[in-house]
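Everything in the sequence shown is counted per numbering that gives the first Met the number 0, starting at 0 for the first residue and increasing by one.
Glycine residues also receive a C-beta, built at the ideal position from the N, C-alpha and C atoms.
Below is one structure, written out as structure tokens; comments come after it.
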Amino acid sequence: MEIPVENSFDGDRSSLGSRLAASIVQRWFGAPGVDPLLALQRASGERPEAAEALAAFLDTSSLEPLHRYLRDSGLADADARSRAAAIDAFVLGVSTRRRVLRSELGGPADLQAWLGATIHRLADG
């Protein structure tokens, strides 16, 4: 069962990293099949319209909700925006490394622990 990213924003900021990491790893290691985000990510290097669609989706579904969550958790708007952008860039980079370049980054449990710890550090500044 896939954990929606929106559910990752339910709770205290101190556990945000572990919640987001669980959602991400579940998506990456979940049921096989066509993943429209992965298809857009792969196509974005060659097709500007795919890059625009992926950026718009990530901005609307990930970056902006994360920014609002961090702001609502007590951070100043600029700080929340900066931290959300750092988390977004980190996750997109890891996603590209793992899913497009097909680099082995460890099994689900190790990857989830590493993602969770890193996202936590980025969220805390």
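With DSSP as the reference, label Gly29 as helix, strand or coil. In the structure shown, Gly29 sits in coil (DSSP, three-state: anything other than H, G, I, E or B).
For Gly105, count the other beta carbons within 10 Å of its own beta carbon; 16 or more makes it buried, fewer makes it exposed. Which is it? Exposed, since its Cβ has fewer than 16 Cβ neighbours within 10 Å.
Can you give the beta carbon distance from Leu91 to Ala20, rounded, assuming they're within the 8 angstroms contact cut? That belief does not hold up - the Cβ atoms of Leu91 and Ala20 are roughly 14 angstroms apart, past 8 angstroms.
Grab me the residues of Leu15's own chain with a C-beta within less than 6 angstroms of its C-beta, minus the 5 sequence neighbours each way, in chain order. For Leu15, where only same-chain residues beyond five positions count, the Cβ hits under 6 angstroms are Ala122.
Quick one: does Gly73 have its CB under 8 angstroms from some CB of chain B? Considering every chain present, this structure includes no chain B. It has just one protein chain.
Less than 7 angstroms between C-beta atoms, sequence neighbours within five positions excluded: which residues of the same chain meet that for Tyr68? Excluding residues within five positions, the ones whose Cβ falls inside 7 angstroms are Phe8.
Comparing C-alpha positions only, which one of Asp109, Val99, Ile118, Arg120 sits nearest to Arg41? Its Cα nearest to that of Arg41, the residue Val99 stands out among Asp109, Val99, Ile118, Arg120.
By the three-class DSSP mapping on this structure, what secondary structure does Gly115 have? Helix at Gly115.
Going by beta-carbon coordinates alone, are Leu57 and Asp87 separated by less than 8 angstroms? Cβ atoms of Leu57 and Asp87: closer than 8 angstroms.
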